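K.L.:
Quick note: my numbering has the sequence shown finishing at residue 524, numbered continuously throughout.
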Amino acid sequence: MDKRLIYVDNAATTKISKPVLDAMMPYLTDGFGNASSIYSIGMNSARAILKARETVAKALGAKTSEIYFTSGGSEADNWAIKCAADAGAGRGKKHIVTTVFEHHAVLHTCEYLEKHGFEVTYVPVDEMGLVHPEDIEKAIRDDTCLVTVMFANNEIGTIQPIPEIGEICRRKKVLFHTDAVQAVGNVEIDVAAMNIDLLSLSGHKIHAPKGVGAMYMRTGVNLPNLIHGGAQERSKRAGTENVAGIVALAKAIEEAVKDIPAKQAKLSKMRDRLINELTKIPESRLNGDPKKRLCGNVNISFRGIEGESLLLSLDLEGICASSGSACTSGSLDPSHVLLAIGLPHSTAHGSLRITLSEDNTDEDIDAICEAVPRVVEKLRAMSPLWERILRDEDIDAE
Ligand SMILES: *Cc1c(COP(=O)(O)O)cnc(C)c1O
Numbered sequence: 127m128d129k130r131l132i133y134v135d136n137a138a139t140t141k142i143s144k145p146v147l148d149a150m151m152p153y154l155t156d157g158f159g160n161a162s163s164i165y166s167i168g169m170n171s172a173r174a175i176l177k178a179r180e181t182v183a184k185a186l187g188a189k190t191s192e193i194y195f196t197s198g199g200s201e202a203d204n205w206a207i208k209c210a211a212d213a214g215a216g217r218g219k220k221h222i223v224t225t226v227f228e229h230h231a232v233l234h235t236c237e238y239l240e241k242h243g244f245e246v247t248y249v250p251v252d253e254m255g256l257v258h259p260e261d262i263e264k265a266i267r268d269d270t271c272l273v274t275v276m277f278a279n280n281e282i283g284t285i286q287p288i289p290e291i292g293e294i295c296r297r298k299k300v301l302f303h304t305d306a307v308q309a310v311g312n313v314e315i316d317v318a319a320m321n322i323d324l325l326s327l328s329g330h331k332i333h334a335p336k337g338v339g340a341m342y343m344r345t346g347v348n349l350p351n352l353i354h355g356g357a358q359e360r361s362k363r364a365g366t367e368n369v370a371g372i373v374a375l376a377k378a379i380e381e382a383v384k385d386i387p388a389k390q391a392k393l394s395k396m397r398d399r400l401i402n403e404l405t406k407i408p409e410s411r412l413n414g415d416p417k418k419r420l421c422g423n424v425n426i427s428f429r430g431i432e433g434e435s436l437l438l439s440l441d442l443e444g445i446c447a448s449s450g451s452a453c454t455s456g457s458l459d460p461s462h463v464l465l466a467i468g469l470p471h472s473t474a475h476g477s478l479r480i481t482l483s484e485d486n487t488d489e490d491i492d493a494i495c496e497a498v499p500r501v502v503e504k505l506r507a508m509s510p511l512w513e514r515i516l517r518d519e520d521i522d523a524e
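#1: Please identify the residue among VAL300, ARG217, ALA231, ARG179 whose C-alpha is closest to the C-alpha of ASP203.
#2: Please report the distance separating the alpha-carbon of GLU496 from that of LEU440.
#3: Following a CB-centred definition, is LYS220 positioned closer than 7 Å to any heavy atom of ligand 1?
#4: Flag LYS208 as yes when its Cβ comes closer than 7 Å to any non-hydrogen atom of ligand 1, and as no otherwise.
#5: Measuring only the C-alpha atoms, how far is GLU443 from VAL317?
#6: Could you tell me whether any non-hydrogen atom of ligand 1 is closer than 7 Å to the CB of MET150?
#7: So who's on the other strand from MET341, going by DSSP bridges?
#8: Are there any heavy atoms of ligand 1 lying less than 7 Å away from the beta-carbon of HIS354, as far as the coordinates show?
#9: Going by alpha carbons, who is nearest to ARG267 out of ASN402, GLU245, ASN280?
#10: DSSP puts GLU245 in a beta bridge; with which residues?
#11: Does the structure place the stretch 498-509 close enough to the stretch 311-330 that three or more beta carbon pairs sit under 8 Å?
#12: Three-state secondary structure (DSSP) at VAL257?
#13: Give me the Cβ distance between THR225 and VAL300, rounded to the nearest whole Å; I'm assuming they're in contact under 8 Å.
#14: If you run the structure through DSSP and keep just helix, strand and coil, what is ALA334?
#15: Please tell me whether, using a cut-off of 7 Å, the distance from the CB of LYS331 to the nearest non-hydrogen atom of ligand 1 is below it.
#16: Compute the minimum distance between the beta carbon of SER328 and the heavy atoms of ligand 1, and state whether it is under 7 Å.
#17: Give a yes or no on contact between the stretch 317-336 and the stretch 374-386, applying the rule of three or more CB pairs nearer than 8 Å.
#18: Report yes if the C-beta distance between ASP135 and CYS446 is below 8 Å; otherwise report no.
#19: State yes or no: is the C-beta of LEU239 within less than 8 Å of the C-beta of ILE222?
#20: How many Å lie between VAL307 and GLY199 at the Cα?
#21: Helix, strand or coil: which one does DSSP assign to CYS209?
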């Protein structure tokens, strides 16, 4: 039998869509001009970037002048955090508020700043994976220069109370950054209405290629540069523009926000079927809030299972899924997100993340619902850990 690939790891990356590929192709071929050049193929690139900036701004409720293109989500996160810290330090403010379960692009940047004289408060999340706005409010001090809280978590899909946190930050006159890489196209975003000052997004999570992203910076925020050099991006971010990538990102975000309610309806139906079926497996649990979660996110732990073995077995069935985050697979540390919501190490190790896109079908869901229980049973039959769980031993005690 010819095995069809079932790709359900869309939080790690997505396939470039046909409309996106078609939109970017001219700039990879004859329209290769440098956007800073004055001859027509250069000017054509500059026009394409301007149009792309308008499209991205419109998708977020921002002004065109508030959008800056970057090399991806990680760069936008680094820019927002390091440069807000830099600006804050100039005014004697060297304290940052974030949460324990941010993406590593945020967490490791904060850890870097701690080594350079900044103080960081890592606000906890509850067992459902939600941040409480009052905890953010309590963490803000007179010397806080930035609050950074992700819009939606990449592992457990929980959607955070961003408008509430935005309101608090605006009232307290503290800059508010959100990593919205996973939220864009899955949740309606209006940066103005939500009091967001800085927002990061990435192309490759919404069917554009890897290596392109954007930052929204509210008028008046005016952070210093992260990347110094030429006068591109109105002198705010140097480097010859990735014209094809920028055009692709704009096309991708335009498609992504076109009909979010329809996408939510379609994906959450598939998501809930997976959750229903897979939590029927004994000693399984859903991680993250069942309702306040991304429409395409499923994250379930199976006790007595090694996540890596589960992924390898599913790969043999043509199913591409994830355990924890793609950045940490290969390492034996359990996911910091699953530990943050209170999972014991052994349970955190046996987690499966399935993230859907519009490309997935009911047949994909059927295949996963058939394969996962079978694979889990097979792996447990070989697992000494499972033996001990059945004997009711405390496997996290030692
Ligand atoms: C993927 C991801 C990033 C990093 O984006 P890149 O474009 O890969 O650098 C940052 N934050 C979150 C939440 C992500 O999911």
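Don't be surprised by glycine CBs; every beta carbon is placed ideally from N, CA and C.
These figures come from a predicted structure and were not determined experimentally.
P.N.:
Result, derived from the coordinates:
#1: Residue numbering aside, residue 203 sits at position 77 when the sequence shown is read from its first letter. Of the listed residues, the one whose Cα sits closest to ASP203 is ALA231.
#2: By 1-based counting over the sequence shown, the position of residue 496 is 370. By 1-based counting over the sequence shown, the position of residue 440 is 314. Approximately 11 Å, taken between the alpha carbons.
#3: Here residue 220 refers to the residue found at position 94 of the sequence shown. The answer is no for LYS220.
#4: Residue 208 sits at position 82 when you count from the first residue of the sequence shown. For ligand 1, not one heavy atom lies less than 7 Å from the Cβ of LYS208.
#5: As a position in the sequence shown, residue 443 is number 317, starting the count at 1. As a position in the sequence shown, residue 317 is number 191, starting the count at 1. Cα to Cα, GLU443 sits roughly 42 Å from VAL317.
#6: Taking the first residue of the sequence shown as position 1, residue 150 is located at position 24. Ligand 1 never approaches MET150 closely enough for any of its heavy atoms to be under 7 Å from the residue's Cβ.
#7: Residue mapping note: residue 341 aligns to position 215 of the sequence shown, counting from 1. DSSP output for MET341 lists TYR194, SER326 as bridge partner(s).
#8: On the sequence shown, position 228 is the one that residue 354 refers to. No.
#9: Looking up residue 267 in the sequence shown gives position 141. Closest option to ARG267, Cα to Cα, is GLU245.
#10: As a first step, residue 245 is located in the sequence shown; it is residue number 119 there, counting from the start. According to DSSP, which records beta bridges pairwise, GLU245 is partnered with HIS221.
#11: no
#12: Against the sequence shown, residue 257 aligns to sequence position 131. Assigned with DSSP and collapsed to three states, VAL257 falls in coil, not helix or strand.
#13: Walking along the sequence shown from the start, residue 225 turns up at place 99. Walking along the sequence shown from the start, residue 300 turns up at place 174. Rounded, the Cβ-Cβ distance is 15 Å, inconsistent with contact.
#14: Start at 1 with the first residue of the sequence shown, and residue 334 comes out as number 208. Residue state, collapsed to three classes: coil.
#15: For this step, residue 331 is matched to residue 205 along the sequence shown. Under cutoff, so the answer is yes.
#16: Along the sequence shown, read from residue 1 onward, the residue named residue 328 stands at position 202. Yes - ligand 1 has a heavy atom lying nearer than 7 Å to the Cβ of SER328.
#17: yes
#18: Mapped onto the sequence shown, residue 135 falls at position 9. Mapped onto the sequence shown, residue 446 falls at position 320. Between ASP135 and CYS446, the gap from beta carbon to beta carbon is short of 8 Å.
#19: Counted from its first residue, the sequence shown places residue 239 at position 113. Counted from its first residue, the sequence shown places residue 222 at position 96. Taking 8 Å as the Cβ cut-off, LEU239 and ILE222 qualify as a contacting pair.
#20: Looking up residue 307 in the sequence shown gives position 181. Looking up residue 199 in the sequence shown gives position 73. About 6 Å.
#21: Translated into the one-based positions of the sequence shown, residue 209 becomes position 83. Note: CYS209 maps to helix in three-state DSSP.
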